[in-house]
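In my numbering, the protein residues as written are 47 to 380.
Virtual Cβ for every residue (Gly too), placed ideally from N, Cα, C.
Read through the structure below, which is laid out as structure tokens, and then see the notes.
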Amino acid sequence: MLFLMLKWYGFKYTLIKDLLGDYMKVVLSARNFCFEGCRAKELLEENGFEVVDISNRKFDNENEYAAALCDADIIINGFEKMSTAVIENCKKLKLISIRGVGYDYIDVEACKRKNIAVLRTVGTVGEAVSEQVIAYIMHFARQIETLNSCMQQDSWNRIMTEGAYGKTIGIIGFGEIGSAVARKANALGMKIVYNCKSKKDNPYEFMELSELLKISDYVVLALPLNSETEGIIDEKALSLMKQNAVLINVARAKIVDEKALRNAVDNGVIKGAAVDVFESEPCTNSVLKGSESILLTPHTAPFTKSNFNMMNTLASENVINFFSGNLDEKYRLI
């Protein structure tokens, strides 16, 4: 009751510490939370929180991970799985602050049952992820890697590439990431079409999914994973795509049938794919490995120093603002 009253009246946690005689513990489990130039950890400490950093620890199993979190009041999480068992083991847990926007690896229903708040760093990933999408497009459009390989082998092979100008990019999902991809693609002179749950107020053409797949040279997946989107890019969807089209997935792996995608590339149904997300991560035995036409990266689309600095700082600020009563509700998931 005292905690709720202090939160209601906007007291900073330093006051809560003085009255209750103890620090509230923040456990940092998000990888790459502490690096040179990022003061996200110090920001928490300066506002009266006890901070325990386990972000560089490796755990052999879920039980070890749960034990490391068991006395946390707050957890700052990245891509680490928070199952029902892990959440149930955290008896004091009041808040999970996600460093990022995706939450499919957190048992949200378990959090609801235990009245645990979940916050996200909305608005921080679009620019970095869209940069990587453009890099994928350039990989296929200009064949820089192939040209460099030729030069390194003393082969003056002046390949005529397709280029990106004038090509059609179909963006599925038009939130923060999709809209950032559109801005960058527009600057390259690409034609932009999109599909999402409802038409947006923008200058681009909205299309039904089947039509988008038929006309796009590049299909970019930037939509959330849920019961409606799981598996929507299956064998039938891939068969609708142009033979010289490329599929780019920076969303979630389960949106795509990975076996169907590999078959589509191997059999020439589509030209290729670029994939940053996998059904099992770290990815060690993916069906997508071993194809020269499928570009794979280890879920690094948001991994830039400036972006992580921004995400880490906002994850800390969300913790501080939650307990001081100053949270912007756009960051609250539950």
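(message) Assess contact between the region 207 to 224 and the region 256 to 276, defined as three or more Cβ pairs (one per stretch) separated by less than 8 Å. Is contact present?
(response) By the criterion of at least three beta-carbon pairs nearer than 8 Å, the region 207 to 224 is in contact with the region 256 to 276.
(message) Taking the beta carbon of residue 235 as the centre, do at least 16 other beta carbons fall within 10 Å, making it buried, or is it exposed?
(response) As a position in the sequence shown, residue 235 is number 189, starting the count at 1. It counts as exposed.
(request) Give the range of the beta strand (DSSP E) segment to which residue 143 is assigned. (result) Here residue 143 is taken as the residue at index 97 of the sequence shown, counted from 1. It spans 141 to 144 - the beta strand (DSSP E) in which residue 143 sits, taken as one unbroken run.
(message) Counting only beta-carbon separations shorter than 9 Å, does residue 328 have a partner in chain C?
(response) Looking for chain C here will not work: only one protein chain is present.
(message) Quick check: the Cα distance between residue 202 and residue 195, rounded to an integer number of angstroms?
(response) In the sequence shown, counting from the first residue as 1, residue 202 sits at position 156. In the sequence shown, counting from the first residue as 1, residue 195 sits at position 149. Distance between the alpha carbons of residue 202 and residue 195: 10 Å.
(request) Tell me, please, whether the region 153 to 163 touches the region 106 to 116 by the rule of three or more beta-carbon pairs shorter than 8 Å. (result) no
(request) Hey, could you find the ends of the alpha helix (DSSP H) residue 228 is sitting in? (result) In the sequence shown, residue 228 corresponds to position 182, counting from 1. Element bounds for residue 228: 222 to 233.
(request) Grab the span of the beta strand (DSSP E) containing residue 71 for me, first residue to last. (result) One-based indexing of the sequence shown puts residue 71 at position 25. Here the beta strand (DSSP E) through residue 71 covers 71 to 74.
(message) Rounded to whole angstroms, what is the Cα-Cα separation between residue 360 and residue 371?
(response) To locate residue 360, count along the sequence shown from 1; it is residue 314. To locate residue 371, count along the sequence shown from 1; it is residue 325. So the two alpha carbons sit approximately 16 Å from each other.
(message) Can you give me the C-alpha to C-alpha distance between residue 354 and residue 142, rounded to a whole angstrom?
(response) For the purposes of this step, residue 354 is taken as the residue at position 308 of the sequence shown. For the purposes of this step, residue 142 is taken as the residue at position 96 of the sequence shown. The straight-line gap separating the alpha-carbon atoms of residue 354 and residue 142 is approximately 18 Å.
(request) Sort 118, 337 and 347 by Cα distance to residue 180 and report the nearest one. (result) Here residue 180 refers to the residue found at position 134 when the sequence shown is read from its first residue. Checking every option, the nearest Cα to that of residue 180 belongs to 347.
(message) Restricting to runs no shorter than 3 residues, where is the beta strand (DSSP E) found entirely within the region 75 to 103?
(response) 96 to 99
(request) Could you tell me which residues DSSP pairs with residue 252 in its beta bridges? (result) Here the question's residue 252 lines up with position 206 in the sequence shown. Looking at the DSSP assignment, residue 252 forms a beta bridge with 240.
(message) Let me make sure I understand the geometry here. Which of 91, 298, 272 and 178 has the alpha-carbon closest to that of residue 327?
(response) As a first step, residue 327 is located in the sequence shown; it is residue number 281 there, counting from the start. Of 91, 298, 272 and 178, the residue nearest in Cα terms is 298.
(request) Spell out the partners DSSP gives residue 264 in its beta bridges. (result) Taking the sequence shown and counting its residues from 1, the one referred to as residue 264 is at position 218. In DSSP, residue 264 forms a bridge with 215 and 292.
(message) Please classify residue 166 as buried or exposed, where buried requires at least 16 neighbouring CB atoms within 10 angstroms.
(response) Against the sequence shown, residue 166 aligns to sequence position 120. Buried, because 16 or more other Cβ atoms sit within 10 Å of the Cβ of residue 166.
(message) Per DSSP, what are the beta-bridge partners of residue 204 in this structure?
(response) Taking the first residue of the sequence shown as position 1, residue 204 is located at position 158. DSSP output for residue 204 lists no bridge partner at all.
(message) Given a cut-off of 9 Å on the beta-carbon distance, is the pair residue 207 and residue 262 in contact?
(response) Position 161 of the sequence shown holds residue 207. Position 216 of the sequence shown holds residue 262. The answer is no: Cβ separation not under 9 Å.
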